[in-house]
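Those protein sequences? They're chains A and B, same order as listed. Heads up, the first sequence is in this note's numbering, so the first residue is 5 and it goes up one at a time. Heads up, the second sequence is in this note's numbering, so the first residue is 59 and it goes up one at a time. The structure appears right after this line, and notes come after that.
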Amino acid sequence: MIEIKNVSKWYGDTQVLYDINEVIDRGQTVVICGPSGSGKSTLLRCINGLEPYQKGEIVVDGISLNDPKTNLYKLRQKIGMVFQRFELYPHMTAVQNITLAPMKVLKKSRKEAERKAMELLERVGLPEKAHAYPANLSGGQQQRVAIARALAMEPDYMLFDEPTSALDPEMINEVLEVMIDLAREGMTMIVVTHEMGFAREVADEIIFIDEGRIVERGTDEEFFTNPKSERTKAFLSQILV
Amino acid sequence: MFDAVFRNLPFLMGGFLVTLQLTFCALAGGIALGVLVGLGRISRKKWIYYPVTLYVNFIRNIPLILVIFWFYFVMPILAGRAMPPFISAVISFIIFEATYFGEIFRAGYQSISRDLIHAAFATGLTYSQTARYILVPIAFRRMLPSLITQSIVTFQDTSLAFVIGLQEFVRRTSIVDNLEVRSIQLFGFVALVFFIFCFLGSRVARHFEEKGRRTGVI
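Laid out in structure tokens, this is it:
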């Protein structure tokens, strides 16, 4: 379970998050949407300690992130993350990208790590690209390898930071399908995205963030059919054309 | 026309061998230390950043020949005994070249996006693992042309070690010249040898630059 309690964050004098509260239970998929620059990605980065926050508390499975005794490196092992621009290691093949952390962090043998990597590549539909370098993969393929890389650590949670917004339209679905499968298999996911079709299909809860505040939250039906705030209505009318 | 050169070829080549050994040791040490200096220059920890930055700025603003002199004449006072010129030269070169290699690596590290580093952290890798498997290898590939160029400069710079009496290529040539008095021929030969090596090196640098572009690492 991830608990976000009254979290506020500043960049210098500029406040970017205001008293964010949210609880994500095991097995849930939460979609975060909102205009760019609203603080969605920043919030996501706070959850695995990539960005510090100045007020409030984030607790993952009972472990508080701002406790100085918390080993962030250890905590991140169970929180996978997928980035907008894939961020595959350009000097390594797909398999090397996937096996690096299991071998160095979990101390798995190369053989075991590669067996698992092949299994994951099979799962994301790219077994034939195992030995390709990122430069020779399409955007959609790179993102699927990036998902496999995150899954290789067998995380309990997955964070997705606009995973399809850098993709050409025809590649979006191949990535979304992998994510929908994951959600259906019971992975706990927090997804920053504007893909409302995806949200409708798998989200247990949708949060709308604007200017660092949670403006609206609801299950998918309430969210789409009966948004409470004017800001949400305006946003939805823009992206649901 | 190279009669004086041929008469003294083994002696001259012995000097060239010393030049190559000095270059090799200076590069191995300078690049290894440069990897760390570069990391120090991007460190957020003030107690690492400031001393490393002071070291880099200080060394880069004094002439190499002074570093060589200073080290050779001051070390015996500090250590209590004289150091062989070769060892002294190697250490001076490492101290000097590491600042230049360090700045090349710093530029390489800074070319790597913050999200790529975040991606490594997100899989549970520690900072030192991220540096070792991600930062350093990518910076090395991206900066390979600059590293080769700086290596060529180092190779040329080694001739300055003659000031502390090290019998490298240029020193031995000047010894031969004192006997033969054939300056144009002898130093022309030295220039030719340096030119061939440096020119080949620059072609290699160019090759890696093009290769880097093709494979998308640069």
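From the three backbone atoms N, C-alpha and C, an ideal C-beta is built for every residue, glycine too.
- Arg200 (chain B) sits close to Ser169 (chain B), with the two beta carbons spaced by under 7 Å.
- Among the CB atoms of chain A, one or more fall inside 7 Å of the CB of Ile196 (chain B).
- Annotated as distal: Val262 (chain B) and Phe163 (chain B), with beta-carbon spacing of 7 Å or more.
- Close to chain A, meaning a Cβ-Cβ distance shorter than 8 Å, are the following residues of the stretch 180 to 192 of chain B: Ala180, Thr181, Gly182, Leu183, Thr184, Gln187, Tyr191, Ile192.
- Restricted to the stretch 147 to 233 of chain A, the beta strand (DSSP E) segments that are unbroken, complete and at least 3 residues in length are 161 to 165, 192 to 196, 209 to 214, 217 to 222, listed in chain order.
- It is roughly 37 Å from the alpha-carbon of Ser150 (chain B) to the alpha-carbon of Phe179 (chain B).
- Around the beta carbon of Asp173 (chain B), 16 or more other beta carbons lie within 10 angstroms, which makes this residue buried.
- Taking 7 Å as the cut-off, the Cβ atoms of Val182 (chain A) and Arg148 (chain A) count as close.
- Put simply, the stretch 212 to 222 of chain A touches the stretch 9 to 26 of chain A. At least three CB pairs are less than 8 Å apart.
- Given a length threshold of 4 residues, each whole run of the alpha helix (DSSP H) inside the stretch 203 to 250 of chain B is given here in chain order: 227 to 238.
- In the structure shown, Met59 (chain B) falls within a coil segment according to DSSP collapsed to helix, strand and coil.
- For Thr157 (chain B), there is no enclosing beta strand (DSSP E); the enclosing alpha helix (DSSP H) has its first and last residue at 143 to 168.
- Within the stretch 45 to 92 of chain A, complete alpha helix (DSSP H) segments of at least 4 residues are found at 76 to 80, given in chain order.
- The C-beta of Gln81 (chain A) comes closer than 7 Å to at least one C-beta of chain B.
- Of all alpha-carbon atoms in B:Gly166, B:Leu91, B:Val132, B:Pro143, the one lying nearest the alpha-carbon of Phe154 (chain B) is that of B:Leu91.
- For Lys13 (chain A), the enclosing beta strand (DSSP E) stretches over residues 6 to 15.
- Nearest CB-CB separation between Phe87 (chain A) and chain B: below the 7 Å threshold.
- Considering only beta carbons, the part of the stretch 89 to 108 of chain A lying closer than 9 Å to chain B consists of Arg89, Phe90, Glu91, Leu92, Tyr93, Pro94, His95, Met96, Leu104, Ala105, Pro106, Lys108, in chain order.
- In this structure, Glu199 (chain A) lies near Thr168 (chain A), with their beta-carbon atoms less than 7 Å apart.
- Taking C-beta atoms as the reference points, Arg80 (chain A) and Gly182 (chain B) count as a pair closer than 7 Å.
- Selection A:Ser233, A:Glu234, A:Ile211 evaluated against Asp224 (chain A) yields A:Ile211 as nearest (Cα-Cα).
- No Cβ-Cβ contact shorter than 7 Å links Val179 (chain A) with Thr33 (chain A).
- In chain order, Lys112, Ala117, Lys120, Ala156, Met157 place their CB closer than 7 Å to the CB of Pro106 (chain A), counting only its own chain and leaving out the 5 sequence neighbours on each side.
- Closest in alpha carbon position to Glu189 (chain A), among A:Glu209, A:Thr197, A:Arg127, is A:Arg127.
- For Val86 (chain A), the number of other beta carbons within 10 angstroms of its own is at least 16, and it is reported as buried.
- The DSSP-derived three-state label of Asp23 (chain A) is strand.
- At least one beta carbon of chain B lies nearer than 7 Å to the beta carbon of Tyr77 (chain A).
- Interface criterion not met: the Cβ of Met122 (chain A) is under 7 Å from no Cβ in chain B.
- Chain-ordered listing is empty here: chain B has no CB closer than 7 Å to the CB of Arg114 (chain A), the nearest sitting near 14 Å.
- At least 7 Å separates the beta-carbon of Phe213 (chain B) from that of Phe74 (chain B).
- Residues of chain A whose Cβ lies closer than 8 Å to the Cβ of Arg199 (chain B) are, in chain order, His95.
- Taking the Cβ atoms as the reference, Glu61 (chain A) lies roughly 5 Å from Lys9 (chain A), within the contact range of under 8 Å.
- Leu174 (chain B) reaches chain A at Glu91, Tyr93, counting residues in chain order whose Cβ is nearer than 8 Å.
- Going by beta carbons, Gln146 (chain A) and Leu92 (chain A) fall inside the 7 Å limit.
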